[in-house]
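Everything on this sheet refers to the single structure shown next.
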Amino acid sequence: MALFRFPSEPQSRPLIRTPNLYLRAPSLDDYPAWAALRMESRAFLTPWEPSWNEDDLTRAAFRLRTKRAAREISTDEAYSLFVFDSQTEALLGGLTLGLIRRGVAQACTLGYWMGKPHAGKGHMTEAVRGALRFAFSELALHRVEAACLPNNEPSRRLLERVGFRHEGLARAYLKINGAWADHLLYAALSTDRLPGLIP
Numbered sequence: 001m002a003l004f005r006f007p008s009e010p011q012s013r014p015l016i017r018t019p020n021l022y023l024r025a026p027s028l029d030d031y032p033a034w035a036a037l038r039m040e041s042r043a044f045l046t047p048w049e050p051s052w053n054e055d056d057l058t059r060a061a062f063r064l065r066t067k068r069a070a071r072e073i074s075t076d077e078a079y080s081l082f083v084f085d086s087q088t089e090a091l092l093g094g095l096t097l098g099l100i101r102r103g104v105a106q107a108c109t110l111g112y113w114m115g116k117p118h119a120g121k122g123h124m125t126e127a128v129r130g131a132l133r134f135a136f137s138e139l140a141l142h143r144v145e146a147a148c149l150p151n152n153e154p155s156r157r158l159l160e161r162v163g164f165r166h167e168g169l170a171r172a173y174l175k176i177n178g179a180w181a182d183h184l185l186y187a188a189l190s191t192d193r194l195p196g197l198i199p
């Protein structure tokens, strides 16, 4: 798996490459594809995400999203990335390494979403493996945490497939689809032997 970071290049350059995908920060040119994919996938994503704002899919809201992503990458606070198919250039979904804590923690939180037409095809498994490589080798983090709803079987299987370990249950952890919901807590460490990652 190849992994490249271009700190001196525009944020539209890929931060992560995998055999079939690349991940990069969103740019304003991504708006039409992003808005179309999110709208097409709305019913599919609603049970697993926070409630959408009324203006969530507007160009103005997307502009703010891209500015925030660029700022957070420049300050090493978070890496909000879009996932693209390397062959077709199609936008497939998104992935974030967020809430980065340095100092004695050296940890972050992983979140992700996949558009409905692309779900269940192994794309997010590959993207998460690439993100873990990036987090551990490029960002020098020690711990990547993730959480999912107990009834989100696809997400649970994905995390376990790439080597995350279940660590517990957090009560009323996140407000999802308008209601506080319990979440299963997972983590992967830089010292773990993760399947599919080169040591």
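In the UniProt record's numbering, the protein residues as written are 1 to 199.
Built from N, CA and C at the ideal position, the CB exists for glycine as well.
Keep in mind the model is a prediction, meaning the values are calculated, not measured.
Original post:
Taking the beta strand (DSSP E) that Arg101 falls in, what are its first and last residues?
Top reply: DSSP places Arg101 inside the beta strand (DSSP E), whose first and last residues are 91-101.
Subject >> Same chain, Cβ closer than 8 Å to Pro199, neighbours up to 5 away in sequence not counted >> reply: Confidence in Pro199 is poor, its pLDDT being 42 and thus under 50, which makes the residue's placement too unreliable to answer from.
**OP:** Determine which residues share a DSSP beta bridge with Lys67 and list them.
**Re:** Bridge pairing for Lys67: absent [DSSP].
**OP:** From the DSSP output, in three-state form, read off Asp76 for me.
**Re:** Coil, per DSSP.
**OP:** Check Val128 in the structure and name its three-state DSSP category.
**Re:** In the structure shown, Val128 sits in a helix (DSSP, three-state: H, G or I).
Subject >> Reference Ser41, options His123, Trp113, His183, Trp180, closest by Cα >> reply: The option with the nearest alpha carbon to Ser41 is Trp113.
**OP:** Taking 7 Å as the cut-off, decide whether the C-beta atoms of Phe84 and Leu95 are in contact.
**Re:** Pairing Phe84 with Leu95 gives a Cβ-Cβ distance that is not under 7 Å.
**OP:** Use the C-beta contact count for Gly115: other C-beta atoms within 10 angstroms, 16 or more gives buried, fewer gives exposed.
**Re:** Classification of Gly115: buried, given that the 10 Å Cβ count is 16 or more.
Original post:
What is the residue span of the beta strand (DSSP E) that Val144 lies within?
Top reply: Per DSSP, Val144 is one residue of the beta strand (DSSP E) stretching across 143-148.
**OP:** Please name the residue in Ala179, Leu99, Gly93, Thr191 whose C-alpha comes closest to that of Thr125.
**Re:** Looking at the Cα atoms, Gly93 is the closest of the given residues.
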